[in-house]
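**Q** Protein chains in written order, with the numbering used here: chain A, 3 to 241; chain B, 3 to 241.
Ideal placement from N, C-alpha and C gives every residue a C-beta, glycine not left out.
Sharing a structure, written as structure tokens. Questions coming.
2 protein chains.
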Amino acid sequence: MIDPATIRALTFDVFGTVVDWRSGVIRDGEALARAKGIQHVDWGAFAAAWRGRYLPAMQRVRTGERPWTTLDVLHRESLQEVLAEFDVGGLADGEIDDLNRVWHRLDPWPDAVEGLTRLRRRYVLATLSNGNVALMVDMAKRAALPWDAILGAEVARHYKPDPETYLTTAAMLGASPEACLMVAAHGGDLAAAGACGFRTAYVSRPDEYGPRPPRSGTKARPWDVVASDFLDLADRLGC
Amino acid sequence: MIDPATIRALTFDVFGTVVDWRSGVIRDGEALARAKGIQHVDWGAFAAAWRGRYLPAMQRVRTGERPWTTLDVLHRESLQEVLAEFDVGGLADGEIDDLNRVWHRLDPWPDAVEGLTRLRRRYVLATLSNGNVALMVDMAKRAALPWDAILGAEVARHYKPDPETYLTTAAMLGASPEACLMVAAHGGDLAAAGACGFRTAYVSRPDEYGPRPPRSGTKARPWDVVASDFLDLADRLGC
Chain A
3 MIDPATIRAL
13 TFDVFGTVVD
23 WRSGVIRDGE
33 ALARAKGIQH
43 VDWGAFAAAW
53 RGRYLPAMQR
63 VRTGERPWTT
73 LDVLHRESLQ
83 EVLAEFDVGG
93 LADGEIDDLN
103 RVWHRLDPWP
113 DAVEGLTRLR
123 RRYVLATLSN
133 GNVALMVDMA
143 KRAALPWDAI
153 LGAEVARHYK
163 PDPETYLTTA
173 AMLGASPEAC
183 LMVAAHGGDL
193 AAAGACGFRT
203 AYVSRPDEYG
213 PRPPRSGTKA
223 RPWDVVASDF
233 LDLADRLGC
Chain B
3 MIDPATIRAL
13 TFDVFGTVVD
23 WRSGVIRDGE
33 ALARAKGIQH
43 VDWGAFAAAW
53 RGRYLPAMQR
63 VRTGERPWTT
73 LDVLHRESLQ
83 EVLAEFDVGG
93 LADGEIDDLN
103 RVWHRLDPWP
113 DAVEGLTRLR
123 RRYVLATLSN
133 GNVALMVDMA
143 KRAALPWDAI
153 LGAEVARHYK
163 PDPETYLTTA
173 AMLGASPEAC
183 LMVAAHGGDL
193 AAAGACGFRT
203 AYVSRPDEYG
213 PRPPRSGTKA
223 RPWDVVASDF
233 LDLADRLGC
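In structure tokens, the structure reads:
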């Protein structure tokens, strides 16, 4: 366990950790399907396929194969491919743009707003997401997520898990990496943050990928804090 | 007048426009003087001298004479010089550091929090200040300033009035410059924003420099909105 008094800022992964991307994509996909009379699409599979293109799309930016490109643009390109893969045609550009903005309209996990509100009394709370600033701002306004700052990939012009994403965020918060606690439901994100000197808090989000068994082993990794949700995290940090 | 529906984001100058830097420096300077038995300093003059070194310090970064340097560091260097100029000696480094952080502890003008809270219901509110992110975050937490995003100079790595500061902030907000309304009490800031395509709102802060007549002529400039304070601005934008 860490001494909560040594922490200045909590930095958050967002997709999957704070908000439930899968349910949001299903919700808006099904609404579009009803409006357009589309009946053959499994929107859970659609959500997984769209999200599945996330890492390879960022990878082309991370390697320098293409210049800095925001996640909104990467999402839009992936969406076009997934619509073709699922044989969804006949959508106007504006309808595709609107579906792409579902990432701006994701709902938080039920404990998130209350947990963040408690944590914010004591700590600086910042996003450290691969989502671009406008996406994070829209999401936060809609869902009342009480961030002190929207930082992360776009501000650093590096996608996680590049170390620059973590280190630039810490520097802008005026904090040493050791004074930052990275909060995520994903071991790879925490491992990359930890390699930069961040403290790490694993929060379990077993429903992120829907009804399937969560990957095992994550809790055995040496995270500084392991919490079942944000309320438990607030308890463990004395908030 | 502009059509409020064409605006997505309000971007704010902060020092002088949202917070009263002069009173804050006097307040903490006088407290330090009492604690240390310093009796010969006019803290209003001290505040003006410190603030007076702001533009030249940033200018050396803007011209490339020195690499990117945060305002906290520029303030600290200027403070050392102003302490010498006012013949204040005998302070420990930690005491100077603490006085330097007065910029993180400035109080808002009396109408600011209520006005911002009203404006935020309709618009994205972002800082577009030369203050660094950590400074803005500390100030916002202490004073309950309800920003949606902390952007501006450090994120753009350019000090105002460089156009990059305004244009990077707009781009990160996902807004065209024309969909951003720059709010400031300073004509130069508004003129630079306007040259980038921003809409402009002049807010009068006659007490920024203490008991002296405000510079004339500012209201005659072609700003899109002229408001007496943030409550008046909210009225004019239908919030």
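Taking Cβ-Cβ distances shorter than 8 Å, what residues in chain A pair up with B/V63?
**A** For the purposes of this step, residue 63 of chain B is taken as residue 61 along the second sequence, with counting starting at 1. Neighbours of B/V63 on chain A: none; closest Cβ ~16 Å, over 8 Å.
**Q** Beta-carbon of B/A151 versus every beta-carbon of chain A: anything under 9 Å?
**A** Numbered from its first residue, the second sequence carries residue 151 of chain B at position 149. Judged by the 9 Å Cβ criterion, B/A151 is in contact with chain A.
**Q** Output the distance between the C-alpha atoms of B/L239 and B/L12, rounded to the nearest integer angstrom.
**A** Position 237 of the second sequence, counting from 1, holds the residue named residue 239 of chain B. Position 10 of the second sequence, counting from 1, holds the residue named residue 12 of chain B. For B/L239 and B/L12, the distance between alpha carbons rounds to 11 Å.
**Q** Extract the residue ranges of the alpha helix (DSSP H) inside the segment 119–163 of chain B, only unbroken runs of 4 or more that lie entirely within it.
**A** Here the runs fully enclosed are 135–145, 155–158.
**Q** Would you say B/A187 and B/D15 are within 9 Å of each other, going by their C-beta atoms?
**A** By 1-based counting over the second sequence, the position of residue 187 of chain B is 185. By 1-based counting over the second sequence, the position of residue 15 of chain B is 13. Taking 9 Å as the Cβ cut-off, B/A187 and B/D15 qualify as a contacting pair.
**Q** Give the residues from the segment 128–157 of chain A that approach chain B closer than 9 Å (Cβ to any Cβ), ordered along the chain.
**A** From the segment 128–157 of chain A, only A128, N134, V135, A136, L137, M138, V139, D140, A142, K143, W149, D150, A151, I152, L153, E156, V157 have a Cβ closer than 9 Å to chain B.
**Q** By the three-class DSSP mapping on this structure, what secondary structure does B/M174 have?
**A** Sequence index remark: in the second sequence, residue 174 of chain B carries index 172 (1-based). Helix.
**Q** So for A/V1, helix, strand or coil by DSSP?
**A** Because chain A is modelled from 3 through 241, residue 1 of chain A falls outside the range shown and cannot be assessed.
**Q** Assuming A/T119 and A/L153 form a contact by the criterion Cβ under 8 Å, report the distance between their Cβ atoms to the nearest whole angstrom.
**A** Numbered from its first residue, the first sequence carries residue 119 of chain A at position 117. Numbered from its first residue, the first sequence carries residue 153 of chain A at position 151. Actually they do not touch by this definition, with Cβ atoms about 19 Å apart.
**Q** Just mark B/T171 as buried or exposed, buried being the case when its beta carbon has 16 or more other beta carbons within 10 Å.
**A** By one-based count along the second sequence, residue 171 of chain B stands at place 169. Its Cβ being crowded by 16 or more others within 10 Å, B/T171 is buried.
**Q** Does the distance from the C-beta atom of B/I40 to that of B/V90 stay below 9 Å?
**A** As a working note, residue 40 of chain B is residue 38 in the second sequence. As a working note, residue 90 of chain B is residue 88 in the second sequence. Cβ atoms of B/I40 and B/V90: closer than 9 Å.
**Q** If you draw a straight line from the C-alpha of B/M46 to the C-alpha of A/T72, how long is it?
**A** Position 44 of the second sequence, counting from 1, holds the residue named residue 46 of chain B. Position 70 of the first sequence, counting from 1, holds the residue named residue 72 of chain A. Checking the sequence, you will find Gly at residue 46 of chain B rather than Met. Approximately 46 Å between the Cα atoms of the pair.
**Q** Measuring only the C-alpha atoms, how far is B/R122 from A/I28?
**A** Here residue 122 of chain B is taken as the residue at index 120 of the second sequence, counted from 1. Here residue 28 of chain A is taken as the residue at index 26 of the first sequence, counted from 1. Cα to Cα, the separation comes out at about 30 Å.
**Q** Applying the criterion that 16 or more other CB atoms from any shown protein chain within 10 Å of the CB defines a buried residue, is B/T65 buried or exposed?
**A** To locate residue 65 of chain B, count along the second sequence from 1; it is residue 63. The residue in question, B/T65, is exposed, as its Cβ has fewer than 16 Cβ neighbours within 10 Å.
**Q** Considering only their Cβ atoms, is the gap separating A/R36 from A/A181 smaller than 9 Å?
**A** Along the first sequence, one-based indexing puts residue 181 of chain A at 179. Along the first sequence, one-based indexing puts residue 36 of chain A at 34. Their beta carbons are not under 9 Å apart, which means A/A181 does not touch A/R36 by this criterion.
**Q** Once you ignore the five residues that flank B/F88 on each side, which residues in its own chain have a CB closer than 6 Å to its CB?
**A** On the second sequence, residue 88 of chain B is found 86 positions in, with the first residue counted as 1. Closer than 6 Å at Cβ, skipping near neighbours: V43, F48.
**Q** Decide yes or no for the touch test of the segment 101–115 of chain A against the segment 17–28 of chain A: beta carbon pairs closer than 8 Å, at least 3 of them.
**A** Yes, the segment 101–115 of chain A touches the segment 17–28 of chain A.
**Q** Indicate whether the contact test is met: 3 or more Cβ pairs, each with one atom in the segment 135–143 of chain A and one in the segment 162–179 of chain B, closer than 8 Å.
**A** Taking 8 Å as the limit for Cβ pairs, the verdict is that the segment 162–179 of chain B does touch the segment 135–143 of chain A.
**Q** Assuming the contact rule is C-beta atoms closer than 8 Å, A/P110 and A/L147 should be a hit. Round their C-beta distance to whole Å, please.
**A** Position 108 of the first sequence, counting from 1, holds the residue named residue 110 of chain A. Position 145 of the first sequence, counting from 1, holds the residue named residue 147 of chain A. Indeed, because the Cβ distance is near 6 Å, the residues count as touching under 8 Å.
**Q** Closer than 7 Å by beta-carbon distance: list the chain B residues that pair up with A/V227, in chain order.
**A** Numbered from 1 along the first sequence, position 225 holds the residue referred to as residue 227 of chain A. Simply none; closest approach about 22 Å.
**Q** B/W225 to B/I4, Cα distance in whole Å?
**A** Here the question's residue 225 of chain B lines up with position 223 in the second sequence. Here the question's residue 4 of chain B lines up with position 2 in the second sequence. Near 10 Å, if we compare the C-alpha coordinates of B/I4 and B/W225.
**Q** Any idea what DSSP makes of A/L85, helix, strand or coil?
**A** Position 83 of the first sequence, counting from 1, holds the residue named residue 85 of chain A. Here A/L85 sits in helix by DSSP.
**Q** Cβ closer than 9 Å: which chain A residues qualify as neighbours of B/L121?
**A** Taking the second sequence and counting its residues from 1, one reaches residue 121 of chain B at position 119. Those within 9 Å of B/L121 in chain A number zero; the least Cβ separation is about 13 Å.
**Q** Would B/K38 be called buried (16 or more neighbouring beta carbons within 10 Å of its own) or exposed?
**A** Residue numbering aside, residue 38 of chain B sits at position 36 when the second sequence is read from its first letter. So B/K38 ends up on the exposed side.
**Q** Quick check on this structure: which residue in B/G18, B/T8, B/A7 has the alpha carbon closest to the alpha carbon of B/F232?
**A** Indexing the second sequence from 1 puts residue 232 of chain B at position 230. Of B/G18, B/T8, B/A7, the residue nearest in Cα terms is B/G18.
**Q** Rank B/D209, B/L183, B/R159 by C-alpha distance to the C-alpha of B/R68 and give the top, closest one.
**A** As a first step, residue 68 of chain B is located in the second sequence; it is residue number 66 there, counting from the start. The option with the nearest alpha carbon to B/R68 is B/R159.
**Q** What does A/V126 reach in chain B if we use C-beta pairs closer than 9 Å?
**A** Numbered from its first residue, the first sequence carries residue 126 of chain A at position 124. Under the 9 Å cutoff, chain B gives A136, V139, D140, K143.
**Q** Hey, how far is the Cα of B/V75 from the Cα of A/R207?
**A** Within the second sequence, the letter at position 73 stands for residue 75 of chain B. Within the first sequence, the letter at position 205 stands for residue 207 of chain A. Using only the alpha carbons, I get a separation of about 41 Å.
**Q** Say whether chain A places a C-beta atom closer than 9 Å to the C-beta of B/L73.
**A** Reading the second sequence from its first residue, position 71 is the one you call residue 73 of chain B. No, B/L73 lies away from the interface with chain A (no Cβ there is under 9 Å from its Cβ).
**Q** Against chain B, does A/L108 count as a neighbour if the rule is that its beta carbon must be under 9 Å from one of theirs?
**A** Position 106 of the first sequence holds residue 108 of chain A. No, its Cβ sits nowhere closer than 9 Å to a Cβ of chain B.
**Q** DSSP three-state label for A/M60, please.
**A** One-based indexing of the first sequence puts residue 60 of chain A at position 58. The answer is helix: DSSP assigns A/M60 an H, G or I state.
**Q** Using Cβ-Cβ distances below 7 Å, what residues of the segment 166–183 of chain B are close to chain A?
**A** Going along the segment 166–183 of chain B in chain order, one finds M174, L175, G176 with a Cβ nearer than 7 Å to chain A.
**Q** To the nearest angstrom, how far is the alpha carbon of A/R55 from that of A/S230?
**A** Start at 1 with the first residue of the first sequence, and residue 55 of chain A comes out as number 53. Start at 1 with the first residue of the first sequence, and residue 230 of chain A comes out as number 228. Taking the straight line joining both Cα atoms gives about 28 Å.
**Q** Can the beta-carbon of A/A114 be found less than 9 Å from the beta-carbon of A/A142?
**A** Translated into the one-based positions of the first sequence, residue 114 of chain A becomes position 112. Translated into the one-based positions of the first sequence, residue 142 of chain A becomes position 140. Not a contact, by the Cβ cut-off of 9 Å.
**Q** Identify whether A/R238 lies in helix, strand or coil by the three-state DSSP scheme.
**A** As a first step, residue 238 of chain A must be located in the first sequence, where it is residue number 236. Residue state, collapsed to three classes: helix.
**Q** Look up B/L169 in the DSSP assignment and say whether it is helix, strand or coil.
**A** As a first step, residue 169 of chain B must be located in the second sequence, where it is residue number 167. If DSSP states are grouped into helix, strand and coil, B/L169 belongs with the helices.
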